[in-house]
């Protein structure tokens with residue numbers, strides 16, 4: 001890649017990070033191109049689809065998402081690791097509106113991003129089983145519940161960002177208390193993995 005082309009690429013990525021963090025993934029490519037100081041045609045030469053742009057912009061965030069799962073698995077107390085994981089990932093959503101969207105959507109053509117998501121999901125499955133084995137995480141907590149938590153948190157983050165930016169912490173605190181085995185009360189069945197995937201796809205269109 002020529003030096004000028006590489007500079008344009010980095011300018012687009014820097015602008016997209018800022019715009020997505022402020023406005024979420026609904027932000028227009030025109031605004032990103034304007035802040036980058038390039039034409040829209042240049043943006044699309046570097047990133048032919050929105051999935052390509054999202055995958056490049058959030059590669060480091062998704063790596064941190066995987067790392068959060070790995071660190072939770074390394075915690076000698078699986079329940080503590082699970083609670084810390086939920087808090088950390090929800091904090092990541094609060095810190096970046098664009099990433100809050102990324103965690104509640106799916107991007108079938110952004111392979112590296114989806115590979116990281118799948119790696120994190122595999123680790124989370126192990127973490128849930130370990131936390132349940134301690135008797136501290138309620139037995140009916142399902143893997144599919146995590147996307148629902150992230151969808152709920154994303155909504156609170158978006159609605160309260162300007163007026164009460166820490167409000168999400170109260171929601172997450174309530175939820176973690178509800179996940180404890182000692183708080184068990186029967187719940188409706190969780191959505192199936194296929195239903196969750198369809199919801200993520202629908203949100204991304």
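In UniProt numbering, the protein residues as written are 1 to 205.
Ideal Cβ placement from N, Cα and C applies to all residues, glycine included.
- Counting C-beta atoms within 10 angstroms of its own C-beta, residue 17 has 16 or more neighbours from the protein chains shown and is therefore classed as buried.
- When Cβ pairs closer than 8 Å are counted between the two stretches, the stretch 65-77 is seen not to touch the stretch 13-32, the count staying below three.
- For residue 119, the CB contacts under 6 Å within the same chain, skipping 5 residues up- and downstream, are 66 in chain order.
- Taking 8 Å as the upper bound for CB-CB distance, residue 37 and residue 2 are not in contact here, some 17 Å apart.
- The residue among 5, 194 and 40 with its C-alpha nearest the C-alpha of residue 144 is 194.
- Spatial neighbours of residue 9 in its own chain (CB-CB distance under 7 Å, excluding positions within 5 residues in sequence) are listed in chain order as 46.
- Proximity of the stretch 156-170 to the stretch 71-81 falls short of the contact definition, fewer than three beta-carbon pairs being nearer than 8 Å.
- Approximately 11 Å separates the beta-carbon atoms of residue 146 and residue 90; this is outside 8 Å, ruling out the contact.
- Cα atoms of residue 103 and residue 111: separation of roughly 15 Å, rounded to the nearest angstrom.
- Annotation: residue 185 to residue 33 spans about 51 Å, alpha carbon to alpha carbon.
- For residue 188, there are no CB contacts under 8 Å within the same chain when 5 residues up- and downstream are skipped.
- When rounded, the separation of the alpha-carbon atoms in residue 98 and residue 85 is 19 Å.
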